[in-house]
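Asks: Pasting a structure here, questions to come.
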Amino acid sequence: MADPLAPIIQKMLQQVMGMINTPGGQGNPNPYYFPDWIQANGYDPYGQSQVLQWNLSITDPTIVNQANAICPTIDIQSSPCPGIQSFIGVPNAYPSLTLGSPTPGGLVVSGARNAYMQSMTSNQDNALKLQAVMLLSTLPNYQKNLIVTGNFTFTQYCCCSADNTVCAGPPVPEVGTGTFTATFNSTPTITIGFNITALSPGVLNIAVSSINFVPSSTWPNDAQIDIAIDIQSIPKGSKKDAYNNLAMAAFNSADGLKQLVQQINVVLNDPSQLNFMGTALTNVIDGYLKSTHQYPFDGSYLAIA
158 MADPLAPIIQ KMLQQVMGMI NTPGGQGNPN PYYFPDWIQA NGYDPYGQSQ
208 VLQWNLSITD PTIVNQANAI CPTIDIQSSP CPGIQSFIGV PNAYPSLTLG
258 SPTPGGLVVS GARNAYMQSM TSNQDNALKL QAVMLLSTLP NYQKNLIVTG
308 NFTFTQYCCC SADNTVCAGP PVPEVGTGTF TATFNSTPTI TIGFNITALS
358 PGVLNIAVSS INFVPSSTWP NDAQIDIAID IQSIPKGSKK DAYNNLAMAA
408 FNSADGLKQL VQQINVVLND PSQLNFMGTA LTNVIDGYLK STHQYPFDGS
458 YLAIA
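Under the working numbering, the first residue of the sequence shown carries the number 158, and numbering increases by one thereafter.
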(Lines of atoms letter the chains of each structure in order from A; the text may use other names.)
(Lines give C-alpha, C1' and ligand atoms only; values in the text may rest on other atoms or scores of the structure.)
Protein backbone atom coordinates (compact mmCIF):
# COMPACT_ATOMS: atom_id res chain seq x y z
CA MET A 158 0.00 0.00 0.00
CA ALA A 159 1.35 3.39 -0.97
CA ASP A 160 2.44 5.63 1.88
CA PRO A 161 0.28 8.81 1.94
CA LEU A 162 3.37 10.80 2.92
CA ALA A 163 5.21 9.79 -0.27
CA PRO A 164 3.98 12.57 -2.61
CA ILE A 165 4.68 15.24 0.02
CA ILE A 166 8.19 13.99 0.68
CA GLN A 167 8.84 13.56 -3.05
CA LYS A 168 7.76 17.15 -3.74
CA MET A 169 10.12 18.36 -1.04
CA LEU A 170 12.99 16.31 -2.51
CA GLN A 171 12.39 17.71 -6.00
CA GLN A 172 12.54 21.25 -4.64
CA VAL A 173 15.71 20.54 -2.70
CA MET A 174 17.34 18.84 -5.70
CA GLY A 175 16.65 21.88 -7.86
CA MET A 176 18.24 24.09 -5.24
CA ILE A 177 21.45 22.07 -4.79
CA ASN A 178 21.91 21.82 -8.57
CA THR A 179 21.56 25.58 -9.14
CA PRO A 180 24.59 27.86 -8.70
CA GLY A 181 24.15 31.22 -7.03
CA GLY A 182 24.43 34.47 -8.92
CA GLN A 183 26.87 37.33 -8.50
CA GLY A 184 26.26 38.87 -5.10
CA ASN A 185 23.72 36.16 -4.32
CA PRO A 186 25.65 33.00 -3.43
CA ASN A 187 23.87 29.70 -2.93
CA PRO A 188 25.54 27.93 0.03
CA TYR A 189 23.68 24.74 -0.86
CA TYR A 190 24.97 24.49 -4.44
CA PHE A 191 26.53 21.04 -4.39
CA PRO A 192 29.94 21.75 -6.01
CA ASP A 193 30.53 24.68 -3.64
CA TRP A 194 29.25 22.74 -0.64
CA ILE A 195 31.58 19.80 -1.38
CA GLN A 196 34.61 22.07 -1.53
CA ALA A 197 33.59 24.12 1.52
CA ASN A 198 33.26 20.95 3.60
CA GLY A 199 36.69 19.59 2.72
CA TYR A 200 35.76 16.89 0.21
CA ASP A 201 37.69 18.30 -2.75
CA PRO A 202 40.52 17.69 -2.47
CA TYR A 203 40.16 14.98 0.16
CA GLY A 204 43.13 13.40 1.89
CA GLN A 205 45.48 16.36 2.29
CA SER A 206 44.73 16.50 6.02
CA GLN A 207 43.49 12.91 6.42
CA VAL A 208 45.42 9.66 6.74
CA LEU A 209 44.43 7.28 3.94
CA GLN A 210 46.21 3.95 3.56
CA TRP A 211 44.68 1.15 1.49
CA ASN A 212 46.06 -2.38 1.39
CA LEU A 213 45.33 -4.37 -1.78
CA SER A 214 45.97 -8.11 -2.09
CA ILE A 215 46.87 -9.29 -5.59
CA THR A 216 45.80 -12.89 -6.31
CA ASP A 217 45.66 -12.82 -10.12
CA PRO A 218 47.77 -15.87 -11.20
CA THR A 219 49.46 -13.95 -14.01
CA ILE A 220 50.56 -11.17 -11.65
CA VAL A 221 51.67 -13.67 -9.01
CA ASN A 222 53.85 -15.49 -11.56
CA GLN A 223 55.36 -12.21 -12.74
CA ALA A 224 56.04 -11.20 -9.14
CA ASN A 225 57.68 -14.54 -8.38
CA ALA A 226 60.00 -13.99 -11.35
CA ILE A 227 61.39 -10.88 -9.64
CA CYS A 228 63.11 -13.03 -6.98
CA PRO A 229 65.50 -14.88 -9.34
CA THR A 230 66.60 -11.57 -10.90
CA ILE A 231 67.57 -10.35 -7.43
CA ASP A 232 69.43 -13.64 -6.88
CA ILE A 233 71.44 -13.16 -10.08
CA GLN A 234 72.40 -9.59 -9.18
CA SER A 235 73.12 -9.78 -5.44
CA SER A 236 73.18 -13.49 -4.39
CA PRO A 237 71.24 -13.20 -1.10
CA CYS A 238 71.27 -16.97 -0.44
CA PRO A 239 74.09 -19.18 0.87
CA GLY A 240 75.83 -21.79 -1.26
CA ILE A 241 73.84 -23.13 -4.17
CA GLN A 242 70.44 -22.14 -2.78
CA SER A 243 68.20 -20.08 -5.04
CA PHE A 244 66.08 -17.02 -4.29
CA ILE A 245 62.46 -17.86 -5.21
CA GLY A 246 59.00 -16.44 -4.72
CA VAL A 247 57.43 -17.71 -1.49
CA PRO A 248 54.95 -20.45 -2.47
CA ASN A 249 51.29 -19.56 -1.87
CA ALA A 250 52.18 -16.01 -0.83
CA TYR A 251 50.63 -13.12 -2.73
CA PRO A 252 52.30 -9.80 -3.48
CA SER A 253 50.78 -6.81 -1.73
CA LEU A 254 50.09 -3.32 -3.00
CA THR A 255 49.70 -0.55 -0.42
CA LEU A 256 48.39 2.87 -1.47
CA GLY A 257 48.90 5.99 0.61
CA SER A 258 50.93 6.38 3.77
CA PRO A 259 50.49 6.59 7.57
CA THR A 260 50.74 10.39 7.34
CA PRO A 261 48.26 12.92 5.89
CA GLY A 262 48.60 13.68 2.20
CA GLY A 263 49.87 10.25 1.18
CA LEU A 264 46.68 9.63 -0.82
CA VAL A 265 44.54 12.44 -2.22
CA VAL A 266 41.23 12.35 -4.12
CA SER A 267 40.34 15.36 -6.30
CA GLY A 268 37.53 16.18 -8.68
CA ALA A 269 34.61 15.29 -6.41
CA ARG A 270 33.43 18.88 -6.71
CA ASN A 271 32.23 18.09 -10.22
CA ALA A 272 28.98 16.68 -8.85
CA TYR A 273 25.39 16.80 -10.02
CA MET A 274 22.41 15.33 -8.19
CA GLN A 275 20.63 13.17 -10.76
CA SER A 276 17.73 12.05 -8.58
CA MET A 277 16.31 12.08 -5.07
CA THR A 278 13.45 9.67 -4.48
CA SER A 279 11.14 8.61 -1.70
CA ASN A 280 10.09 4.97 -1.37
CA GLN A 281 6.43 4.77 -2.32
CA ASP A 282 5.69 2.22 0.40
CA ASN A 283 7.82 3.88 3.08
CA ALA A 284 8.09 7.59 2.38
CA LEU A 285 10.77 8.12 5.02
CA LYS A 286 13.17 5.75 3.24
CA LEU A 287 15.03 7.79 0.63
CA GLN A 288 17.68 7.43 -2.06
CA ALA A 289 19.84 9.97 -3.85
CA VAL A 290 21.95 9.35 -6.96
CA MET A 291 24.82 11.72 -7.69
CA LEU A 292 26.80 11.88 -10.94
CA LEU A 293 30.45 12.92 -11.05
CA SER A 294 32.38 14.39 -13.98
CA THR A 295 29.43 15.84 -15.92
CA LEU A 296 29.75 19.61 -15.34
CA PRO A 297 31.83 21.47 -17.96
CA ASN A 298 33.26 24.19 -15.71
CA TYR A 299 35.01 21.96 -13.16
CA GLN A 300 37.86 19.44 -13.17
CA LYS A 301 36.72 16.87 -15.70
CA ASN A 302 37.85 13.65 -14.04
CA LEU A 303 37.91 12.18 -10.59
CA ILE A 304 41.59 11.56 -9.82
CA VAL A 305 43.31 9.62 -7.05
CA THR A 306 47.01 10.36 -6.55
CA GLY A 307 49.49 9.22 -3.96
CA ASN A 308 52.31 6.99 -2.86
CA PHE A 309 52.42 3.25 -3.27
CA THR A 310 54.45 0.33 -1.99
CA PHE A 311 54.64 -2.96 -3.89
CA THR A 312 55.95 -5.89 -1.86
CA GLN A 313 56.96 -9.29 -3.21
CA TYR A 314 57.96 -12.04 -0.78
CA CYS A 315 61.03 -14.15 -1.61
CA CYS A 316 62.95 -16.86 0.20
CA CYS A 317 66.05 -19.02 -0.17
CA SER A 318 65.41 -22.56 -1.41
CA ALA A 319 67.56 -25.63 -1.95
CA ASP A 320 65.14 -27.24 -4.41
CA ASN A 321 63.43 -24.22 -6.04
CA THR A 322 60.18 -25.35 -4.44
CA VAL A 323 60.30 -25.19 -0.63
CA CYS A 324 61.62 -22.28 1.43
CA ALA A 325 64.74 -23.08 3.44
CA GLY A 326 64.58 -19.79 5.32
CA PRO A 327 62.12 -17.08 6.36
CA PRO A 328 60.23 -14.95 3.82
CA VAL A 329 62.06 -11.79 2.81
CA PRO A 330 59.93 -8.79 1.78
CA GLU A 331 61.34 -7.13 -1.32
CA VAL A 332 59.83 -3.66 -1.41
CA GLY A 333 59.54 -1.15 -4.22
CA THR A 334 58.02 2.32 -3.85
CA GLY A 335 56.73 5.06 -6.11
CA THR A 336 53.85 7.38 -6.87
CA PHE A 337 50.71 6.77 -8.90
CA THR A 338 47.79 8.57 -10.51
CA ALA A 339 44.44 6.88 -11.13
CA THR A 340 42.17 8.80 -13.51
CA PHE A 341 38.49 7.85 -13.70
CA ASN A 342 37.54 8.40 -17.34
CA SER A 343 33.83 7.66 -17.19
CA THR A 344 30.98 9.13 -15.14
CA PRO A 345 31.16 7.64 -11.66
CA THR A 346 27.95 7.46 -9.65
CA ILE A 347 27.41 7.69 -5.92
CA THR A 348 24.17 6.27 -4.52
CA ILE A 349 23.21 7.39 -1.02
CA GLY A 350 20.63 5.50 1.04
CA PHE A 351 19.16 7.56 3.87
CA ASN A 352 16.16 7.77 6.18
CA ILE A 353 14.18 10.55 7.79
CA THR A 354 14.31 9.63 11.48
CA ALA A 355 12.52 12.67 12.90
CA LEU A 356 9.90 14.77 11.17
CA SER A 357 7.45 17.19 12.72
CA PRO A 358 6.60 20.85 12.13
CA GLY A 359 9.95 22.63 12.07
CA VAL A 360 11.95 19.49 12.92
CA LEU A 361 13.91 17.27 10.54
CA ASN A 362 16.61 14.67 11.12
CA ILE A 363 18.27 12.43 8.52
CA ALA A 364 20.46 9.35 9.00
CA VAL A 365 22.56 7.98 6.13
CA SER A 366 22.70 4.17 6.03
CA SER A 367 24.86 3.49 2.96
CA ILE A 368 26.97 5.11 0.24
CA ASN A 369 27.88 3.15 -2.89
CA PHE A 370 30.51 4.36 -5.37
CA VAL A 371 30.50 2.85 -8.90
CA PRO A 372 33.34 3.99 -11.22
CA SER A 373 31.58 3.54 -14.57
CA SER A 374 28.41 2.36 -16.27
CA THR A 375 30.34 -0.70 -17.51
CA TRP A 376 31.58 -1.75 -14.06
CA PRO A 377 32.57 -4.41 -13.07
CA ASN A 378 33.50 -5.49 -16.61
CA ASP A 379 35.38 -2.27 -17.31
CA ALA A 380 36.33 0.26 -14.64
CA GLN A 381 37.48 2.84 -17.24
CA ILE A 382 40.35 3.88 -14.97
CA ASP A 383 43.76 4.87 -16.35
CA ILE A 384 46.78 4.24 -14.11
CA ALA A 385 50.14 6.00 -14.39
CA ILE A 386 53.02 5.18 -12.04
CA ASP A 387 56.51 6.47 -11.32
CA ILE A 388 58.84 3.95 -9.67
CA GLN A 389 61.19 5.73 -7.25
CA SER A 390 62.92 2.79 -5.58
CA ILE A 391 63.09 -0.92 -6.30
CA PRO A 392 64.55 -3.93 -4.48
CA LYS A 393 68.33 -4.05 -4.78
CA GLY A 394 69.37 -6.11 -7.77
CA SER A 395 66.01 -6.13 -9.56
CA LYS A 396 65.52 -4.60 -12.98
CA LYS A 397 63.62 -1.31 -13.01
CA ASP A 398 61.75 -1.93 -16.27
CA ALA A 399 60.57 -5.35 -15.10
CA TYR A 400 59.53 -3.97 -11.73
CA ASN A 401 57.75 -1.02 -13.34
CA ASN A 402 55.82 -3.36 -15.65
CA LEU A 403 54.94 -5.60 -12.73
CA ALA A 404 53.60 -2.73 -10.64
CA MET A 405 51.58 -1.45 -13.61
CA ALA A 406 50.13 -4.91 -14.18
CA ALA A 407 49.20 -5.18 -10.49
CA PHE A 408 47.43 -1.80 -10.51
CA ASN A 409 45.52 -2.64 -13.68
CA SER A 410 44.66 -6.22 -12.75
CA ALA A 411 41.07 -7.17 -11.97
CA ASP A 412 42.14 -7.60 -8.34
CA GLY A 413 43.81 -4.20 -8.19
CA LEU A 414 40.96 -2.23 -9.74
CA LYS A 415 38.28 -4.10 -7.80
CA GLN A 416 40.00 -3.48 -4.49
CA LEU A 417 40.70 0.16 -5.36
CA VAL A 418 36.95 0.70 -5.79
CA GLN A 419 36.25 -1.33 -2.64
CA GLN A 420 38.59 0.88 -0.62
CA ILE A 421 36.83 4.03 -1.85
CA ASN A 422 33.57 2.51 -0.62
CA VAL A 423 35.16 1.57 2.71
CA VAL A 424 36.11 5.22 3.23
CA LEU A 425 32.65 6.46 2.23
CA ASN A 426 30.90 3.98 4.55
CA ASP A 427 33.03 4.63 7.61
CA PRO A 428 30.59 5.41 10.47
CA SER A 429 32.08 8.88 10.89
CA GLN A 430 31.46 9.64 7.20
CA LEU A 431 27.89 8.31 7.35
CA ASN A 432 27.21 10.42 10.44
CA PHE A 433 28.74 13.49 8.84
CA MET A 434 26.75 13.01 5.65
CA GLY A 435 23.54 12.51 7.65
CA THR A 436 24.15 15.76 9.52
CA ALA A 437 25.02 17.52 6.27
CA LEU A 438 21.85 16.37 4.51
CA THR A 439 19.83 17.37 7.57
CA ASN A 440 21.36 20.85 7.56
CA VAL A 441 20.97 21.31 3.80
CA ILE A 442 17.35 20.18 3.56
CA ASP A 443 16.25 21.63 6.90
CA GLY A 444 17.96 24.94 6.16
CA TYR A 445 16.37 25.17 2.75
CA LEU A 446 12.88 24.40 4.05
CA LYS A 447 13.17 26.96 6.83
CA SER A 448 14.61 29.65 4.55
CA THR A 449 11.75 29.18 2.10
CA HIS A 450 9.12 28.95 4.85
CA GLN A 451 7.95 25.53 3.73
CA TYR A 452 7.38 24.04 7.16
CA PRO A 453 5.20 22.39 8.19
CA PHE A 454 3.70 21.26 4.83
CA ASP A 455 0.71 19.67 6.53
CA GLY A 456 0.94 19.32 10.29
CA SER A 457 -1.47 16.38 10.32
CA TYR A 458 0.95 14.35 8.18
CA LEU A 459 4.35 15.43 9.36
CA ALA A 460 4.62 13.99 12.86
CA ILE A 461 6.31 10.67 13.59
CA ALA A 462 5.04 9.02 16.73
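We treat Cβ as the ideally placed atom computed from N, Cα and C, and that holds for glycine.
Considering only their Cβ atoms, is the gap separating Asn426 from Ile382 smaller than 8 Å?
Replies: The residue given as residue 382 occupies position 225 in the sequence shown. The residue given as residue 426 occupies position 269 in the sequence shown. No, they are not a contact pair.
Asks: Kindly indicate which residue of Met176, Asn302 and Ala385 has the alpha-carbon position closest to the one of Ser448.
Replies: Here residue 448 refers to the residue found at position 291 when the sequence shown is read from its first residue. Per the Cα distances, Met176.
Asks: Here's a check: name, in chain order, each residue in its chain whose Cβ is nearer than 8 Å to the Cβ of Asn422, leaving out the five neighbours to either side.
Replies: By 1-based counting over the sequence shown, the position of residue 422 is 265. So the qualifying residues of the chain are Ile368, Asn369 and Phe370.
Asks: Are at least three pairs of beta-carbons, each pair with one atom in the stretch 296-313 and one in the stretch 269-276, less than 8 Å apart?
Replies: Yes, since at least three Cβ pairs between the stretch 296-313 and the stretch 269-276 fall closer than 8 Å, the two stretches touch.
Asks: Suppose you measure from the CA of Asn185 to the CA of Thr179; what does that come to, to the nearest Å?
Replies: What you label residue 185 is simply residue 28 of the sequence shown in a count that begins at 1. What you label residue 179 is simply residue 22 of the sequence shown in a count that begins at 1. Going from the Cα of Asn185 to the Cα of Thr179 covers about 12 Å.
Asks: Might you give, ordered along the chain, the residues of its own chain that have their beta carbon closer than 7 Å to the beta carbon of Ala462, omitting 5 neighbours on each side?
Replies: Mapped onto the sequence shown, residue 462 falls at position 305. Low confidence applies here, because Ala462 scores a pLDDT of 36, under 50, leaving its location unreliable; read the following figure in that light. Hits under 7 Å: none found.
Asks: At the level of alpha carbons, what is the spacing between Val208 and Gln420?
Replies: As a first step, residue 208 must be located in the sequence shown, where it is residue number 51. As a first step, residue 420 must be located in the sequence shown, where it is residue number 263. Using only the alpha carbons, I get a separation of about 13 Å.
Asks: Where do the N-terminal and C-terminal ends of the alpha helix (DSSP H) with Tyr314 fall, by residue?
Replies: Taking the sequence shown and counting its residues from 1, the one referred to as residue 314 is at position 157. Note, Tyr314: premise wrong, no alpha helix (DSSP H); beta strand (DSSP E) at Leu303 to Ser318.
Asks: Can you tell me whether DSSP reads Gly246 as helix, strand or coil?
Replies: Counting from 1 along the sequence shown, the entry for residue 246 is found at position 89. Correct three-state label for Gly246: strand.
Asks: Please work out which residues of its chain come closer than 8 Å, Cβ to Cβ, to Ser457, disregarding the five sequence neighbours upstream and downstream, and give them in chain order.
Replies: Position 300 of the sequence shown, counted from the first residue, corresponds to residue 457. Bear in mind that a pLDDT of 42 at Ser457, under 50, signals an unreliable position, so the model cannot answer this.
Asks: Does chain C have any CB closer than 8 Å to the CB of Val173?
Replies: In summary, chain C is missing from the structure at hand, where a single protein chain is found.
Asks: Do the stretch 241-256 and the stretch 192-205 make contact, defined as three or more Cβ pairs closer than 8 Å?
Replies: No: the two stretches stay apart, fewer than three of their Cβ pairs being nearer than 8 Å.
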